[in-house]
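Each residue of the sequence shown is one higher than the one before, counting from 11 in this note's numbering. Presented below is the structure to which this report refers.
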Amino acid sequence: MAKDWDAVAAAIRARMAEIDLTQADLAARAGVALMTVRELQHNLQPRRRNPRTLAAVSEALGWPGDQLARVLEGQPADDVDQGDPVLAELDAVRADLTAVFRRLDAIERQLGTGAEPS
11 MAKDWDAVAA
21 AIRARMAEID
31 LTQADLAARA
41 GVALMTVREL
51 QHNLQPRRRN
61 PRTLAAVSEA
71 LGWPGDQLAR
81 VLEGQPADDV
91 DQGDPVLAEL
101 DAVRADLTAV
111 FRRLDAIERQ
121 LGTGAEPS
């Protein structure tokens, strides 16, 4: 099966955006050259890479070490954050906060028109 370097690049770009990580930060965390990160992120030099490089980048992105290797082989990438209790709690807090903001907006609209809040 052909190697899917485009999928690897897309996965890296998406994860970097998700966790707000720069190329320099990723390179430092992974212990690889900045040029290596650039090549992987933009699929500039699709070529055989040392498996340790992909593992280091995967781990620096907060993924299991084999995540990018699986993506490269065309295997479905597991949602590594699925079932994380901290993220589930964060989702609940976001939902509660959204409800509070909606209620606050309604109160502000009512106060702006002189009506009594319900």
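Even for Gly, the Cβ is constructed at its ideal location relative to N, Cα and C. All values derive from a computational prediction rather than experimental measurement.
What three-state label does DSSP hand residue i in the structure shown?
| i | result |
| --- | --- |
| TRP15 | helix |
| PRO95 | helix |
| THR32 | coil |
| ASP76 | coil |
| GLU118 | helix |
| ARG25 | helix |
| TRP57 | According to the sequence as given, residue 57 is Arg; it is not Trp. In this structure, ARG57 counts as coil in the three-state DSSP scheme. |
Just tell me which of the options has its CA closest to the CA of residue i.
| i | options | result |
| --- | --- | --- |
| HIS52 | THR63, ALA38, GLN33 and PRO61 | GLN33 |
| LEU71 | GLU49, LEU44 and ALA40 | ALA40 |
| LYS13 | ARG58, ARG25 and PRO95 | ARG58 |
| VAL47 | ALA19, PHE111, GLU28 and ASP30 | ALA19 |
| ALA17 | ASN60, GLN85 and VAL42 | GLN85 |
| TRP15 | VAL103, PRO56 and ALA43 | PRO56 |
| ALA38 | GLU69, GLY75, ARG113 and ARG104 | GLU69 |
| GLY22 | LEU44, LEU50 and MET45 | The sequence given here places Ile at residue 22; Gly does not occur at that position. Closest option to ILE22, Cα to Cα, is LEU50. |
If I follow the unbroken alpha helix (DSSP H) through residue i, where does it start and stop?
| i | result |
| --- | --- |
| THR63 | 61–70 |
| VAL47 | 44–52 |
> Given 8 Å as the limit, is there contact between the stretch 59–68 and the stretch 76–84, that is, 3 or more CB pairs closer than that?
Replying inline: In this structure the stretch 59–68 touches the stretch 76–84; the number of beta carbon pairs closer than 8 Å is three or more.
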